[in-house]
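Participant: First, the structure itself, so that you have it in front of you.
Residue numbers (the numbering used here): 3 to 407.
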């Protein structure tokens, strides 16, 4: 076996190994098509490189027996289970929201190491924001001494090239500062990239099984800012070349008032501003529909003509946005997510009726659970960071540049 062929086989076996929590040599033979002898050599190589190890034995109960160890079905040596050791590294996904921030750490086999959510403070400058986020990331990675390979932060804004936030929310201007990313990268000692919360919500909902892998959906994330995620026919996620991509705030919607845009009416801040202009005082945006929110339970007040009028305008704006993306992008599935998802669920019958009247083949519409969005978005961010790191390791194995540690 040539050195090049051996390196390529190492990459192929590792790529197969990371698709399972544990595996045997027989699993790797079945997954890669390599011979038993080749798998034996490559597994030895990967163990020497620190990328595979025998799985730790099952915990022992009070009788001295493994609690969950399977009993052999026949005589003979039980196959040794292998796993990607946690020491190889970890990645962290962050859901940076205006109200709450979630942080999820996983090892390179995708096993959860830590998860937590905290209230997002209001920071006046970029240094304070970097210090706070750096502290959260440091706490999340403490479960294991494994090196931190990558951090991906989902932000409530449009992101260009993974590094630039041209129009950050007014209460989160620090993420738009030119030095924000470099300062945070230095603080955590690992590569940090940014992405829109819509892309990461889409990745998280797919990882959770809410969205089928082959659905090629479009997702509207209706939270602080309306953001959009779109999966192309080839399975890739659309990335805009400029800040214009997904900028619904550039689209006027006169049905509201002279200040209304589709982006503002389908976001929490914009909808709150519209309510204020209409003379509707809200203690919390959830009062528009009533029910549980991550900050508590908010019931609608007594019947209100002003509130009903706002809900009507929201329904019309949502219908207009869905008609537009259906005509331009032709998605078979549209997912509505974010803090305003419960309001979208309330007006969904009206919206689907409008789409059915206007389109010969309207898309299927699913509404995601808004209460789990911090974990879902963090999961999506961690999953995308993990995929990048795994691919990098496979590439370095294939070209012979991976070294242990």
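Here a beta-carbon is modelled for each residue, glycine too, at the ideal position from N, C-alpha and C.
Can you tell me where the alpha helix (DSSP H) holding residue 20 begins and where it ends?
Facilitator: No alpha helix (DSSP H) contains residue 20, which DSSP labels as neither H nor E.
Participant: What's the C-alpha gap between residue 62 and residue 368?
Facilitator: Residue placement at residue 62 is poorly supported in this model, since its pLDDT is 45, which falls under 50; the coordinates still yield a value, given next. Going from the Cα of residue 62 to the Cα of residue 368 covers about 45 Å.
Participant: Quick one: Cα of residue 311 to Cα of residue 343, how far?
Facilitator: About 18 Å.
Participant: Just the C-alpha distance for residue 17 and residue 366, rounded to the nearest angstrom, thanks.
Facilitator: Taking the straight line from one Cα to the other gives about 34 Å.
Participant: Could you check where the beta strand (DSSP E) with residue 36 kicks off and where it finishes?
Facilitator: Note, residue 36: premise wrong, no beta strand (DSSP E); not H, not E.
Participant: Given this structure, state the Cα-to-Cα distance separating residue 2 from residue 24, to the nearest angstrom.
Facilitator: In the structure as shown, the chain starts at 3 and stops at 407, and residue 2 therefore has no counterpart that could be examined.
Participant: Quick check: the segment 370-383 against the segment 153-163, are there 3 or more CB pairs under 8 Å?
Facilitator: The segment 370-383 is in contact with the segment 153-163.
Participant: Pick out the complete alpha helix (DSSP H) segments inside the segment 175-245, 4 residues or longer, and give them in chain order.
Facilitator: Fully enclosed alpha helix (DSSP H) runs of 4 or longer: 182-190 and 199-209.
Participant: Just to confirm my understanding: we take residue 191, look at its own chain, exclude 5 residues before and 5 after, and list those with CB closer than 6 Å. What are they?
Facilitator: Nothing meets the Cβ criterion.
Participant: Using only the alpha-carbon positions, how far apart do residue 350 and residue 317 sit?
Facilitator: Using only the alpha carbons, I get a separation of about 8 Å.
Participant: Comparing alpha-carbon positions, which option in 113, 131 and 86 lies nearest residue 99?
Facilitator: Closest option to residue 99, Cα to Cα, is 131.
Participant: Taking 8 Å as the threshold (C-beta atoms), are residue 226 and residue 200 in contact?
Facilitator: Their beta carbons are not under 8 Å apart, which means residue 200 does not touch residue 226 by this criterion.
Participant: Would you decide whether residue 346 is buried or exposed? Buried here means 16 or more other CB atoms lie within 10 Å of its CB.
Facilitator: Flag for residue 346 reads buried.
Participant: Name the residue from 11, 56, 54 and 52 whose alpha carbon lies nearest to the alpha carbon of residue 39.
Facilitator: Closest by alpha carbon: 11.
Participant: Could I get the ranges of all uninterrupted beta strand (DSSP E) runs contained in the segment 346-374, with 3 residues as the minimum, in chain order?
Facilitator: DSSP runs (the beta strand (DSSP E)) wholly in the segment 346-374: 366-369.
Participant: Measuring CB to CB, does residue 103 end up less than 8 Å from residue 93?
Facilitator: Contact flag unset, no.
Participant: Just checking, does the segment 260-270 make contact with the segment 239-250 on the three C-beta pairs under 8 Å criterion?
Facilitator: Segments in contact, yes.
Participant: Determine the closest residue to residue 205 out of 376, 22 and 138, with distance taken between C-alpha atoms.
Facilitator: The candidate whose alpha carbon is nearest that of residue 205 is 376.
Participant: What first and last residue would you give for the beta strand (DSSP E) that runs through residue 120?
Facilitator: Its beta strand (DSSP E) spans residues 114-121.
Participant: If the criterion is Cβ atoms closer than 8 Å, does the pair residue 370 and residue 339 meet it?
Facilitator: Contact: yes.
Participant: Pop quiz: residue 219 and residue 337 are said to be a contact at Cβ under 8 Å. What is the actual Cβ separation, rounded to whole angstroms?
Facilitator: That belief holds up - the Cβ atoms of residue 219 and residue 337 are roughly 5 Å apart, short of 8 Å.
Participant: Counting C-beta neighbours from all protein chains within 10 Å, is the total for residue 168 16 or more, i.e. buried, or is it exposed?
Facilitator: Exposed.
Participant: For my contact list, residue 399 and residue 9 are in at a C-beta cut-off of 8 Å; report their separation, rounded to the angstrom.
Facilitator: 6 Å between Cβ atoms; contact.
Participant: I need the straight-line Cα distance from residue 79 to residue 114, nearest angstrom please.
Facilitator: Low confidence applies here, because residue 79 scores a pLDDT of 49, under 50, leaving its location unreliable and the question unanswered by this model.
Participant: Which residue's Cα is closest to the Cα of residue 279: 259, 289 and 265?
Facilitator: Closest option to residue 279, Cα to Cα, is 259.
Participant: Once DSSP output is grouped into helix, strand and coil, what is the label at residue 489?
Facilitator: Outside the displayed span of the chain (3 to 407) sits residue 489, for which this structure offers no information.
Participant: Hey, how far is the Cα of residue 21 from the Cα of residue 239?
Facilitator: The alpha-carbon atoms of residue 21 and residue 239 are separated by roughly 21 Å.
Participant: Below 6 Å CB to CB, which residues in the same chain sit around residue 237 once its five sequence neighbours on both sides are set aside?
Facilitator: Hits under 6 Å: none found.
Participant: Which residue marks the beginning of the alpha helix (DSSP H) containing residue 288, and which one marks its end?
Facilitator: Counting along the chain, residue 288 falls outside any alpha helix (DSSP H), and DSSP gives it neither H nor E.
Participant: Would you call residue 208 buried or exposed, if buried means 16 or more other Cβ atoms sit within 10 Å of its Cβ?
Facilitator: Per the 10 Å Cβ criterion, buried.
Participant: Select from 57, 358 and 165 the residue whose C-alpha is nearest the C-alpha of residue 196.
Facilitator: It is 165 whose Cα lies nearest to the Cα of residue 196.
Participant: Go ahead and label residue 109 buried or exposed: buried means 16 or more other beta carbons lie within 10 angstroms of its beta carbon, across all protein chains shown.
Facilitator: That one is buried.
Participant: Could you tell me which residues DSSP pairs with residue 104 in its beta bridges?
Facilitator: Its beta-bridge partners are 97 and 119.
Participant: Tell me, to the nearest whole angstrom, how far the beta carbon of residue 107 is from that of residue 145; I am working on the premise that it is less than 8 Å.
Facilitator: The Cβ separation is near 7 Å, so the contact holds.
Participant: By the three-class DSSP mapping on this structure, what secondary structure does residue 327 have?
Facilitator: If DSSP states are grouped into helix, strand and coil, residue 327 belongs with the helices.
Participant: Measuring straight from C-alpha to C-alpha, what distance separates residue 388 and residue 276?
Facilitator: Near 40 Å, if we compare the C-alpha coordinates of residue 276 and residue 388.
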